[in-house]
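Colleague: Below: one structure in C-alpha cells.
6 protein chains.
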Amino acid sequence: MKINVINPNTCLAMTDKIATSALSVANPGTEIMACSPLHGPESIECMRDEVLASAALLDVIAEGEARQVDGHIIACFGDPGCDAAKEIALAPVIGIAQAAFHFASLVSHRFSIVTTLSRTIPMAEHLLAKYGFAHQCVSIRAAEVEVLSLETISDSLFIDLKQECLKAIEEDHCEAIVLGCAGMSDIAERLQLELSIPVIDGVVAAVKLLESLYCLNLKTSKSFIYSEPPQKHFSGRYAHWSKLRE
Amino acid sequence: MKINVINPNTCLAMTDKIATSALSVANPGTEIMACSPLHGPESIECMRDEVLASAALLDVIAEGEARQVDGHIIACFGDPGCDAAKEIALAPVIGIAQAAFHFASLVSHRFSIVTTLSRTIPMAEHLLAKYGFAHQCVSIRAAEVEVLSLETISDSLFIDLKQECLKAIEEDHCEAIVLGCAGMSDIAERLQLELSIPVIDGVVAAVKLLESLYCLNLKTSKSFIYSEPPQKHFSGRYAHWSKLRE
Amino acid sequence: MKINVINPNTCLAMTDKIATSALSVANPGTEIMACSPLHGPESIECMRDEVLASAALLDVIAEGEARQVDGHIIACFGDPGCDAAKEIALAPVIGIAQAAFHFASLVSHRFSIVTTLSRTIPMAEHLLAKYGFAHQCVSIRAAEVEVLSLETISDSLFIDLKQECLKAIEEDHCEAIVLGCAGMSDIAERLQLELSIPVIDGVVAAVKLLESLYCLNLKTSKSFIYSEPPQKHFSGRYAHWSKLRE
Amino acid sequence: MKINVINPNTCLAMTDKIATSALSVANPGTEIMACSPLHGPESIECMRDEVLASAALLDVIAEGEARQVDGHIIACFGDPGCDAAKEIALAPVIGIAQAAFHFASLVSHRFSIVTTLSRTIPMAEHLLAKYGFAHQCVSIRAAEVEVLSLETISDSLFIDLKQECLKAIEEDHCEAIVLGCAGMSDIAERLQLELSIPVIDGVVAAVKLLESLYCLNLKTSKSFIYSEPPQKHFSGRYAHWSKLRE
Amino acid sequence: MKINVINPNTCLAMTDKIATSALSVANPGTEIMACSPLHGPESIECMRDEVLASAALLDVIAEGEARQVDGHIIACFGDPGCDAAKEIALAPVIGIAQAAFHFASLVSHRFSIVTTLSRTIPMAEHLLAKYGFAHQCVSIRAAEVEVLSLETISDSLFIDLKQECLKAIEEDHCEAIVLGCAGMSDIAERLQLELSIPVIDGVVAAVKLLESLYCLNLKTSKSFIYSEPPQKHFSGRYAHWSKLRE
Amino acid sequence: MKINVINPNTCLAMTDKIATSALSVANPGTEIMACSPLHGPESIECMRDEVLASAALLDVIAEGEARQVDGHIIACFGDPGCDAAKEIALAPVIGIAQAAFHFASLVSHRFSIVTTLSRTIPMAEHLLAKYGFAHQCVSIRAAEVEVLSLETISDSLFIDLKQECLKAIEEDHCEAIVLGCAGMSDIAERLQLELSIPVIDGVVAAVKLLESLYCLNLKTSKSFIYSEPPQKHFSGRYAHWSKLRE
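Chains U, L, Y, W, B and C are the protein sequences, given in the same order.
Numbered as in UniProt numbering, the first sequence ends at 246 without a single skipped number.
Numbered as in UniProt numbering, the second sequence ends at 246 without a single skipped number.
Numbered as in UniProt numbering, the third sequence ends at 246 without a single skipped number.
Numbered as in UniProt numbering, the fourth sequence ends at 246 without a single skipped number.
Numbered as in UniProt numbering, the fifth sequence ends at 246 without a single skipped number.
Numbered as in UniProt numbering, the sixth sequence ends at 246 without a single skipped number.
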C-alpha cells in the first residue's frame with residue numbers, strides 16, 4: 001500500500017523527520033510518500049497558520065489521490081483540514097492528534113499532552129472534545145518551545161520537554177504522554193525509556209492505523225457528510241479547484 | 001464607525017444582498033463596507049469550500065485592518081476563519097452564526113435553525129457546541145436548496161423555506177427560527193411576519209453587536225489566544241503573509 | 001425607545017448608580033427609566049434575598065408594561081425573576097448576567113467573573129450553565145465584599161477588587177473580566193484601563209442588547225413557555241395579580 | 001418527629017389531599033403538619049406562579065422553624081423556593097420532585113415524568129439537570145390538564161393520565177413513572193396496580209426521606225451556601241424579614 | 001421486613017461491623033440478615049477484586065431471594081454486581097455508594113468522598129457519573145489506607161481519616177463528607193461530631209432507603225433491563241446457575 | 001507475536017468462528033491463540049452473564065500471561081472484565097467494542113450499532129460513554145436475536161440483520177455500522193458489500209490494534225490504576241488467586 005504522509009508546513013527538515021519516523025514502523029509492503037505543500041507557513045503555531053496550511057494541504061491531498069495512494073496522514077497535531085480532506089479523498093485520512101489519542105486511550109486510563117506553545121492549547125482542547133477523548137486527558141502542558149526549534153532537538157531542549165512530562169506525571173497523575181507536535185516524533189522512544197510510561201507519537205500511530213484500515217478493507221464512508229463535494233466555480237488562486245474531477 | 005462586512009464566497013450578488021441587509025439596520029454613524037475575497041468558491045456548502053474560503057477571507061480581514069475598520073463581520077453561517085481572523089485583527093470579529101445564536105437565546109427558550117443543505121448540518125452542530133447554545137437548539141432543518149439558488153429567492157423557494165420553518169414549529173416546538181445562510185437575509189422580515197415567532201438573520205444581528213461593542217469600548221482581548229501571531233516565513237501563494245506588519 | 005432599568009433591591013443609591021451607567025451608553029433616542037421595587041431586601045446576597053426580590057420585581061415589570069416600555073433590564077447579577085418576567089411582559093427582558101456573558105464570549109476565549117460574596121458563586125455557576133457559557137468561564141472569584149459597600153467604592157475597595165481581577169488574570173489565565181454585581185458598574189472603565197483586558201459590566205451591556213433587539217424588531221417569543229400565564233386567583237399580598245389583564 | 005408538609009399554593013383541597021397521602025406512609029412517631037401559605041396563587045403552573053409562591057412559602061418555612069419541626073416538605077413538583085428554604089431552616093427541606101427522582105432512580109434504569117401542562121416541562125427539565133437525573137429520564141409527558149382539575153380526579157381524568165403513562169411505557173420505553181404534580185398523589189397506588197411498573201409520588205417519597213434523615217441524624221449542612229443568611233433591612237410587605245432571628 | 005445486608009468481601013469482622021451499623025438504625029420491624037460470600041477476596045481494592053467479588057455476591061443475592069428477603073444491600077463502596085443483582089432479585093437492591101450519594105445530595109450543595117486507596121478513585125468517579133452525582137462531588141480523597149486496616153480503627157488511623165476530611169473541607173470547600181468504604185461505618189457519628197458537617201455512611205443510608213421502598217411498596221421495575229434473565233447453560237463452577245428458577 | 005483471543009462465553013462454535021475471523025486479518029508473524037473459559041455462561045446477554053463471564057475470563061487472561069502472549073482480545077461486545085484484565089496482565093488488553101468504535105470513528109462522522117437483544121443496549125450505551133464515542137453513535141438497534149442463534153447464521157437471519165442495518169442507514173442516517181456481537185464476525189464483509197458503507201467487526205479490529213501496539217512498543221501503563229493488584233487472600237473457588245505471582 002502507498003501512504004501519503006503530509007507535513008502541512010513547508011519546513012522540509014520536518015518533512016524528513018516525519019518520513020523517517022513513518023518508515024521506522026511501516027510494514028514491509030507499505031510505501032511511505034512524504035511530502036509538504038508548496039504554499040503556506042513554515043510552522044503551524046496559531047489559527048492563522050492553521051487556516052492557511054489547511055488550504056494548501058488540500059492540494060497535496062488531491063495530488064496523493066491522483067497518484068492513487070491508499071491513505072493520507074496529516075502530520076501536524078492540530079489535524080488541519082482533516083474533515084475537508086475526507087471529503088475530497090477516497091482513501092482514508094488520519095490526523096496525528098486523533099491517531100495518538102486512540103492509542104493513548106488503549107494503554108492508559110488518563111493521559112497528558114505535552115506540546116509546544118501554550119497558545120496552541122485551545123486547539124488541542126478542541127480536538128479532544130471533537131474526537132471524544134476529553135475525559136481521558138488530565139492535562140495539556142506547553143513547554144513553550146517554538147515548532148522550528150524542534151527541527152533538531154538539542155540535549156537541553158530534550159531535558160526541557162522531559163521535565164514537562166515529569167510534571168504531568170507527578171502533578172497531574174497521567175499514565176501516558178501524548179506528544180503534541182510531529183516535530184517530537186524522534187524523541188518518543190527515548191522519552192518512553194526514561195519516563196517508564198507509554199509515550200505516544202501520532203506519526204507512527206497514524207501509519208499503523210492506516211495499515212490496519214487497509215488490511216480491514218475500511219475506507220471513509222462517502223455516504224453523507226464526507227461524500228464528494230459539489231462541483232462549483234472557484235476564483236483566483238483556487239481556480240484549479242473548479243476543474244477537479246470534471 | 002466603519003464595519004467590514006465580508007461575504008466569504010465570491011458571489012457578488014450575495015455580497016450586495018448582505019450589504020443591503022446590513023445597511024438597513026445600521027446606526028446613522030455606521031459606515032458599511034461590503035466586500036468579498038478575490039479567491040475561493042462561489043458558495044460555501046462543504047468543508048472543502050470552508051477551508052478554501054477561510055484562507056481567502058484572511059486577506060480581506062487584513063485589508064479591512066489596513067483601512068482601520070472598527071469591526072469585521074464574517075457573513076457566512078459557518079463563521080469560517082473566525083478564530084484566525086481574531087488573531088490578525090485588532091478590531092472585533094463576529095460570525096453571523098454566533099451573532100444569530102446570541103439573539104435567538106435572548107428571545108426564546110428553544111430555537112431551530114433552518115439551513116440550506118443537510119451536509120452543512122454538522123458544521124452548525126459544531127458551532128452550537130463551540131458557542132454554548134446546543135442546549136437551546138431543538139432542531140437543525142435543511143431545506144435542501146443550494147446556496148446560489150438564494151441569490152434571488154423565488155416565491156416557490158420562499159414557500160419551501162417557510163414550510164421547513166413551519167415543521168420546526170409544529171414538530172420540534174421551537175419558539176424562534178435562526179436562518180442558516182446569509183443568503184436568506186432578505187426574507188427574515190417576511191418570514192417573521194408570516195410565522196408570528198421571531199426569525200433571526202445573523203447579518204443584521206452582527207451589525208448591532210459590533211455597534212454595541214464599539215459603543216461599549218470593547219475589543220477582542222489580545223492577551224492570550226487571540227494575541228498577534230508570531231511573524232514567520234510563508235511560501236508561495238501565501239508569501240505576502242511573511243511581511244505583514246513587518 | 002423606553003427602557004425599564006430595574007434595580008431589584010431597595011437601595012436607592014444603587015438605583016442611581018445603575019441609571020447613570022445605563023444613560024452613559026444609551027443611544028440618543030433611548031429613554032432610561034430607572035426604578036426599584038417598594039418591597040424586598042436592600043441588597044441581594046443569598047437565595048432568600050433572591051426569592052423575595054424576584055416576587056417584588058414582578059410588580060415593577062408589570063408597571064413598566066403598563067407604561068409601554070420597549071424593554072426591561074433586571075440589574076442584579078443573579079438575573080432574579082427573569083423567566084417569570086418574560087412571561088408577563090410583551091417587551092423583551094434581559095438580566096445583566098446574561099448580557100455580560102454574551103459580550104464576554106464575543107471578545108475573549110475564556111473569561112472570569114469577579115463578584116462580591118463567595119456564597120453567591122453557586123448562583124453565578126447556575127446562570128453560566130443555564131445560558132451555555134460555563135465552558136468559557138475559567139473562574140468565579142469573590143472579593144468577599146458586601147453588596148452595600150459598593151454604594152460608594154472607596155479607593156481601598158477598588159484596590160481589593162482590582163487585586164482579585166489580577167489574580168484571575170495571572171492564576172486562571174482569563175482574557176476578560178465580567179463584573180459580578182451591578183454595584184461595580186461605575187468602575188468598569190477604570191478597571192479596563194488599568195488591567196488592559198476587556199472588563200464587562202452587565203448594565204451597559206444590557207442597554208445595548210435591548211436597543212439592538214428594538215432596532216431588529218425582535219421580542220420575546222410568546223409562542224410557548226413565555227406565553228401569557230393563565231389567569232387565576234391569587235390570595236393575600238399577591239391578590240392584585242388576580243385581576244391583571246382582566 | 002414533626003414534619004411541616006407545605007402545599008405552596010393556596011388551594012386547601014390540595015393541602016388536604018397532600019396531608020392524607022403523607023399520613024398514609026408516616027411512621028407511628030411522625031406528626032404530619034400540613035399547611036399552605038396565606039398569600040399567592042391557587043395553583044402553580046408557570047414561572048410567575050412559582051416566583052410568587054416561593055416568596056410566600058418562605059413565611060411558612062419560618063413558621064415551621066418557629067414550631068421546631070424536624071423537616072419541611074415542599075409539596076409542589078417544581079420544588080419552589082427550595083434552596084432559599086434550606087438557608088433559613090435548620091431542619092432539612094425536601095422538594096417532592098427531588099424526592100420522587102431519588103426513588104425512581106433506585107427502582108428503574110429509565111423513568112418518565114407524567115405532568116399537567118406542557119408549559120411546565122422546562123421547569124421539570126431544569127430540576128432533572130440540577131439534581132443529576134436527566135440521563136435517567138427518557139421523557140416528560142404532559143396530559144394537558146390544569147392543576148386545579150386534579151382537586152378531585154374524575155374517572156375520565158384518571159383514564160387520560162393513565163393513557164399518557166401507557167404512551168410513556170410503549171413509546172418511550174420507561175420502566176417507572178414519576179407523577180409530576182402533588183395533586184396526583186392519590187392515584188399513584190391505583191396507577192401502579194394497573195400499569196404494573198413502579199409509579200412514584202413525591203409526597204410520600206419525601207416523607208420517607210425526611211424520616212430517614214431524622215433517624216440518621218442528618219441535617220442540611222450550614223457550613224457554606226445554606227448557612228444562615230446575613231441580617232439586613234427589608235421593605236414593605238417583606239419588612240418582617242428584617243427582624244427574623246434578631 | 002427482612003434485609004439481606006451483604007458484605008461482598010470475605011472478611012467476617014467487616015461483616016460484623018456492617019451488621020452492627022445496619023441494626024443501629026433499623027426500624028423495630030426490620031430484621032437484618034448480615035452475610036458475606038464463601039468465595040472471593042478478603043477485601044475489595046481493585047477491579048480484579050471487584051470482578052471476582054461480584055460473581056461470588058450473586059450467589060448470596062440468590063440465597064437471600066430464596067429466603068424471601070424484602071431488600072438487599074451491597075455493602076461495598078464500589079456497588080459491585082449491583083445491576084446483575086437487580087436482574088436476578090425480585091426484592092430491591094441498593095449499593096452503599098448510591099445510598100450515600102442520595103443523602104449527601106439532600107443535605108449539601110457540594111460533597112467530598114474520603115476513601116481508602118487512590119487506585120479506587122476511578123471506581124468512585126464511575127459511580128458518580130452513573131448515578132448522576134458527579135456535579136455535586138468536589139473531590140475524592142484517598143487516605144491511602146488498606147481496607148483490612150479498617151477492621152479495627154485505631155486512634156491514629158481515625159486521626160488520619162479525619163485529617164483527610166479536614167483537607168476536603170478547607171481546600172475543596174465541601175459541605176458534607178461521604179465515607180468511601182463500609183469499613184468506616186463505625187466512625188461516621190464521631191467524625192460528624194468532630195467535623196460539624198454531615199458525614200454520611202452508605203450502610204445506614206441503604207437501610208433507610210430499603211425500609212422506605214418497602215413502606216412505599218416500590219420494587220425494582222422488572223419491565224425491561226432488570227427483567228428476569230434468560231435461562232441458559234452455565235459450565236463449571238457456575239453450573240448451578242443453569243438450574244436456577246427451573 | 002502471540003495474541004490470546006478470548007471468547008468469554010463457553011460456546012466453542014463461537015470460539016472457532018472468532019478464531020477464523022482473527023486469523024483472516026492477522027499479519028504473517030502473528031500467532032492467534034483462540035480460547036474460552038471452562039466456567040460460565042454459554043452466551044452473554046445480560047448483566048448476570050457478564051458478571052459471571054468476567055470472573056471466569058480472568059483465569060484465561062492469567063493463563064495467557066503465563067504463556068507470555070503479547071496481547072489479549074476480549075471477544076464479546078460488552079468488553080467484560082476488561083479493566084480487571086488490564087490490572088493482571090502485562091500485555092495489552094482490548095475489548096472488541098472499544099476496537100470497533102475506534103475504527104468506526106476513523107471512517108465515519110456518525111455510526112450505528114446493530115446488536116442482538118435490546119436488553120443489551122444499556123451495556124453498549126455504557127461503553128460508548130466510557131470510551132468517549134457516544135456523540136458519534138446515532139443509534140443502537142437490536143435485531144432481537146439470541147446470541148446462540150448466531151452460531152451459524154442462516155439466510156433468513158442474515159436478512160433480518162441486514163434489514164436492521166438498512167433501517168439504521170435510512171432512519172438514523174448513520175454512515176457506518178458497528179456489529180454488536182462477536183458472533184456476527186463472519187458476515188461483516190458480506191454486509192459491507194451489500195450495504196455500501198463501512199461495516200466494522202470488533203474481532204478483526206482488535207487484532208489490528210494489538211499488532212499496531214506491538215509494533216509501536218506500547219503496553220498498558222502500569223503506573224497507576226492498572227498497576228499490579230495487591231496480593232491478598234481469596235477464599236473458595238477463587239482461592240487460586242491468593243497465590244498468583246507469589
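The C-beta atom is built at its ideal place from N, Cα and C for all residues, glycine as well.
1. Does Glu246/C come within less than 8 Å of chain B when only Cβ atoms are used?
2. Quick check: what's the CA-CA separation for Met1/W versus Glu175/W?
3. In the structure shown, what three-state DSSP assignment does Ser36/Y receive?
4. Report the residues of the stretch 117 to 139 of chain B with a CB closer than 7 Å to any CB of chain C, ordered along the chain.
5. Alpha carbon to alpha carbon, how far is Pro230/U from His102/U?
6. Under the DSSP definition of a beta bridge, which residues are partnered with Arg141/B?
7. Between Asp172/L and Val145/W, what straight-line distance do the alpha-carbon atoms span, to the nearest angstrom?
8. Quick check: is the beta carbon of Val145/Y nearer than 8 Å to any beta carbon in chain W?
9. Grouping DSSP H, G and I as helix and E and B as strand, with all else coil, what is Ser235/W?
10. Return yes when the Cβ of Gly183/L is within less than 8 Å of the Cβ of Ala97/L, no when it is not.
11. In chain order, what residues of the same chain lie with their CB nearer than 8 Å to the CB of Glu246/W, ignoring the 5 residues before and after it?
12. Can you say whether Pro41/Y is buried or exposed, counting buried as having 16 or more other CB atoms within 10 angstroms of its CB?
13. Can you tell which of Ala62/Y, Ala53/Y, Arg237/Y, Arg67/Y has its C-alpha closest to the C-alpha of Ala75/Y?
14. Just checking my contact of His72/C with Ala56/C at CB under 8 Å: how many whole Å lie between their CB atoms?
15. Which residues in chain U sit within 7 Å of Tyr226/C, going by Cβ to Cβ distance?
16. Expressed to the nearest angstrom, what Euclidean distance is found between the alpha-carbon atoms of Cys35/W and Ala89/W?
17. Express the C-alpha separation of Met47/W and Glu80/W in angstroms, rounding to a whole number.
18. Between Arg110/U and Val138/U, what straight-line distance do the alpha-carbon atoms span, to the nearest angstrom?
19. Quick one: what does DSSP say Ala91/L is sitting in, helix, strand or coil?
20. Using a Cβ-Cβ distance under 8 Å, would His233/B count as near chain C?
21. Checking the sheet assignment: what are the DSSP bridge partners for Val31/Y?
22. Assess, as a yes-or-no matter, whether the stretch 3 to 21 of chain L is touched by the stretch 143 to 161 of chain L under the definition of 3 or more beta carbon pairs within less than 8 Å.
23. Quick check: the Cα distance between Leu161/B and Val114/B, rounded to an integer number of angstroms?
24. So, do the stretch 197 to 214 of chain W and the stretch 232 to 239 of chain W have three or more beta carbon pairs nearer to each other than 8 Å?
25. Do Leu210/L and Pro92/L have their C-beta atoms within less than 8 Å of each other?
26. If contact means a Cβ-Cβ distance below 7 Å, which residues of the stretch 75 to 97 of chain W contact chain Y?
27. Near Val178/C, which residues of its chain fall below 6 Å by C-beta distance, leaving aside the five closest residues on each side in sequence?
28. Please tell me whether Thr220/C has its Cβ less than 8 Å away from any Cβ of chain U.
29. For Ala168/B and Val51/C, which I take to be in contact (beta-carbon distance under 8 Å), what is that distance rounded to the nearest angstrom?
30. At least one CB of chain Y closer than 8 Å to the CB of Leu23/L: is that the case?
31. Quick check on the burial criterion: 16 or more other C-beta atoms within 10 angstroms. Buried or exposed for Arg119/L?
32. What in chain U is Cβ-close to residue 257/C, meaning under 7 Å?
33. Would Gln163/U be called buried (16 or more neighbouring beta carbons within 10 Å of its own) or exposed?
34. Can you find a C-beta in chain L that's less than 8 Å from the C-beta of Val204/Y?
Modeller: With the structure as the only source:
1. Interpretation of Glu246/C is limited by its pLDDT of 43, a score under 50 that renders its predicted location unreliable; the figure taken from the coordinates is listed afterwards. It does not: the Cβ of Glu246/C has no partner Cβ on chain B nearer than 8 Å.
2. 34 Å
3. Coil at Ser36/Y, not helix or strand.
4. Arg119, Pro122
5. Per the coordinates, the alpha-carbon of Pro230/U lies some 32 Å from the alpha-carbon of His102/U.
6. Val114/B
7. 21 Å
8. no
9. strand
10. no
11. Unreliable positioning characterises Glu246/W in this predicted model, as indicated by a pLDDT of 43, which lies under 50. A coordinate reading is not provided.
12. buried
13. Closest by alpha carbon: Ala53/Y.
14. About 14 Å separates the two Cβ atoms, so there is no contact after all.
15. His109
16. 16 Å
17. The question names Glu, yet the displayed sequence has Pro at residue 80/W. Their backbone Cα atoms lie some 10 Å apart in a straight line.
18. 6 Å
19. coil
20. yes
21. First, the amino acid is wrong: residue 31/Y is Glu here, not Val. According to DSSP, which records beta bridges pairwise, Glu31/Y is partnered with Lys2/Y.
22. Taking 8 Å as the limit for Cβ pairs, the verdict is that the stretch 3 to 21 of chain L does touch the stretch 143 to 161 of chain L.
23. Distance from the CA atom of Leu161/B to the CA atom of Val114/B, rounded to whole angstroms, is 8 Å.
24. no
25. The answer is yes: Cβ separation under 8 Å.
26. Gly81, Asp83, Ala84, Glu87, Ile88
27. Ala100, Ala104, Phe111, Ile113, Ile200
28. yes
29. That pair is no contact at about 32 Å.
30. no
31. Classification of Arg119/L: buried, given that the 10 Å Cβ count is 16 or more.
32. In the structure as shown, chain C starts at 1 and stops at 246, and residue 257/C therefore has no counterpart that could be examined.
33. exposed
34. yes
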